[in-house]
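Before any comments, here is the structure.
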Amino acid sequence: MEVTQDLSFIHLISNASVLVQLVMGLLLFVSMMSWWYIFMKMFAIRREKRLTAEFEETFWRNPNLNEVYKTVSNTSRSDQGALERIFAAGFVEFVKLKKQHGVDAAAVMEGTRRAMRATYQREMDHLESHLAFLASVGSVSPYVGLFGTVWGIMNAFRGLANVGQATLAHVAPGIAEALVATAMGLFAAIPAVVAYNRYAHDIERLSTRFESFTEEFSNVLQRQP
Numbered sequence: 001m002e003v004t005q006d007l008s009f010i011h012l013i014s015n016a017s018v019l020v021q022l023v024m025g026l027l028l029f030v031s032m033m034s035w036w037y038i039f040m041k042m043f044a045i046r047r048e049k050r051l052t053a054e055f056e057e058t059f060w061r062n063p064n065l066n067e068v069y070k071t072v073s074n075t076s077r078s079d080q081g082a083l084e085r086i087f088a089a090g091f092v093e094f095v096k097l098k099k100q101h102g103v104d105a106a107a108v109m110e111g112t113r114r115a116m117r118a119t120y121q122r123e124m125d126h127l128e129s130h131l132a133f134l135a136s137v138g139s140v141s142p143y144v145g146l147f148g149t150v151w152g153i154m155n156a157f158r159g160l161a162n163v164g165q166a167t168l169a170h171v172a173p174g175i176a177e178a179l180v181a182t183a184m185g186l187f188a189a190i191p192a193v194v195a196y197n198r199y200a201h202d203i204e205r206l207s208t209r210f211e212s213f214t215e216e217f218s219n220v221l222q223r224q225p
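Residue numbers for the sequence shown, in this note's numbering: 1 to 225.
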């Protein structure tokens, strides 16, 4: 290990051991991936909130379910929100079961709820995608960075074995190189944890709105002749 007083960030990384550099590279890659997912989920959740509010307003403003379904069916799937797809799945199943002879009202409503529940689960799986990655980054990155730090400090003290008189000038660069790994681990973990907590909260609120709509829509369908 080269003994130097240059403690610039780039110099510390370039002078670190190969294993510590690999750890830093891994943390940098993971951090970039987590930022990509953070922005992607931010726009996706913001869009879902907007589409949910717009459809709820359309649904409750128009008492004619056929017209509401026609509006939804004329919208391309990429422009539909989760709530629109839940509504469409329930309405299609309700109309299909109502046309069958010998099916009582309880069976019709049970089938309708199952159809909406299946669509609800698919939509929630889509909304929750990549959250597990953010959670993993938030929980694992500090330990990966700590591993790089421990390895770097071990190398720093091993280098002192060949020095007759150890001074701060000998040990400081090695310690600084090692601590960069911990800093990078925290840099990757903190945004991922904050984003995960925020998005999990937002998705839980959307889930509550979806479930409430499912129950309210079921009540509306039960009153249909």
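By construction, the Cβ of each residue, glycine as well, lies at the ideal position given by its N, Cα and C atoms.
How should residue i be labelled, buried or exposed, when 16 other C-beta atoms within 10 angstroms of its C-beta is the threshold for buried?
i: residue 107; result: exposed
i: residue 185; result: buried
i: residue 24; result: buried
i: residue 22; result: exposed
i: residue 2; result: Model confidence at residue 2 stands at a pLDDT of 45, short of 50, so the residue's coordinates are unreliable and nothing is read from them.
i: residue 143; result: exposed
i: residue 105; result: exposed
i: residue 10; result: exposed
i: residue 68; result: buried
i: residue 141; result: buried
i: residue 72; result: buried
i: residue 208; result: exposed
i: residue 148; result: buried
i: residue 57; result: exposed
Using only CA atoms, which one of the options lies nearest to residue i?
i: residue 117; options: 136, 91, 129; result: 91
i: residue 128; options: 221, 63, 222, 42; result: 42
i: residue 136; options: 18, 33, 20; result: 33
i: residue 31; options: 158, 207, 181; result: 181
i: residue 146; options: 38, 50, 177; result: 177
i: residue 210; options: 40, 75, 48; result: 48
Below 7 Å CB to CB, which residues in the same chain sit around residue i once its five sequence neighbours on both sides are set aside?
i: residue 138; result: 189, 192, 193, 196
From what residue to what residue does the alpha helix (DSSP H) around residue i run?
i: residue 21; result: 18–61
i: residue 66; result: 65–73
i: residue 102; result: From DSSP, residue 102 is part of no alpha helix (DSSP H); its letter is neither H nor E.
Excluding five sequence neighbours on each side, which residues of the same chain lie with their C-beta closer than 6 Å to the C-beta of residue i?
i: residue 123; result: 82
i: residue 155; result: 17
Kindly list the residues whose CB is nearer than 8 Å to the CB of residue i, restricted to its own chain and excluding five residues on each side of it in sequence; keep chain order.
i: residue 96; result: none
i: residue 113; result: 90, 214, 218
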